[in-house]
Amino acid sequence: MILEVALIDVSPGQEDQFAAAYQQAHPILAGTEGCRSVRMTRGVESPSRFVLLVEWDSVEAHEQNFRNTERFARWRTRIGPYFAKPPVVEHFTDVAPASS
């Protein structure tokens, strides 16, 4: 499993519109083959900053099944107009706990 973390800065004053657009766009992402879960969070101290957390089967599932398809274009068309700047996106893996 891979965790995609996207830091999204929204133009100030457009946070509610972004959240509404995300609600409409969520099924596009969540319905992608290889997508296990999707969660969007909003900053408490920085309410214009959102963090998107997506669990994928693999990096390839993210890139091949979503980023390189029309699904991504539809997703980005809905939420992209609210970005203050391009999101920072990275992939992460779990760290195994140290053995006793």
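For the sequence shown, the working numbering puts the final residue at 85, and the numbers step up evenly by one. The beta carbon of each residue, even a glycine, is placed where N, CA and C say it ideally should be.
Nearest-angstrom Cβ-Cβ length linking residue i and residue j, presumed shorter than 8 Å
{"i": "Val(-10)", "j": "Glu75", "result": "6 Å"}
CA-to-CA distance, residue j to residue i, given in whole angstroms
{"i": "Phe51", "j": "Trp60", "result": "10 Å"}
{"i": "Phe77", "j": "Val39", "result": "10 Å"}
{"i": "Phe35", "j": "Ile(-7)", "result": "5 Å"}
{"i": "Ala58", "j": "Gln49", "result": "13 Å"}
{"i": "Asp79", "j": "Glu18", "result": "21 Å"}
{"i": "Gly98", "j": "His11", "result": "In this structure the chain extends from -14 to 85, so residue 98 is not present and cannot be described."}
{"i": "Leu14", "j": "Arg56", "result": "7 Å"}
{"i": "Pro82", "j": "Met(-14)", "result": "16 Å"}
{"i": "Cys20", "j": "Val44", "result": "10 Å"}
{"i": "Gly65", "j": "Ser22", "result": "21 Å"}
Pick from the options that is closest to residue i, judged by C-alpha positions
{"i": "Pro32", "options": "Thr62, Thr54, Ser43 and Ala4", "result": "Ala4"}
{"i": "Gly16", "options": "Glu30, Ala81, Ala46 and Arg27", "result": "Ala46"}
{"i": "Met25", "options": "Gly65, Val73 and Tyr7", "result": "Tyr7"}
{"i": "Val73", "options": "Ser22, Leu37 and Arg21", "result": "Leu37"}
{"i": "Leu(-12)", "options": "Asp42, Asn53 and Thr62", "result": "Asp42"}
heavy atom of the ligand ATP below 7 Å from residue i C-beta
{"i": "Gly19", "result": "Here there are no bound small molecules, and the ligand ATP is not part of this structure."}
Exercise. What residue ranges within the region 13 to 50 form continuous alpha helix (DSSP H) runs of no fewer than 4 residues, ordered along the chain?
Worked result: 44 to 47
For this session: Would you check if the region -6 to 2 and the region 63 to 74 touch, i.e. whether three or more CB-CB distances between them fall below 8 Å?
Result: yes
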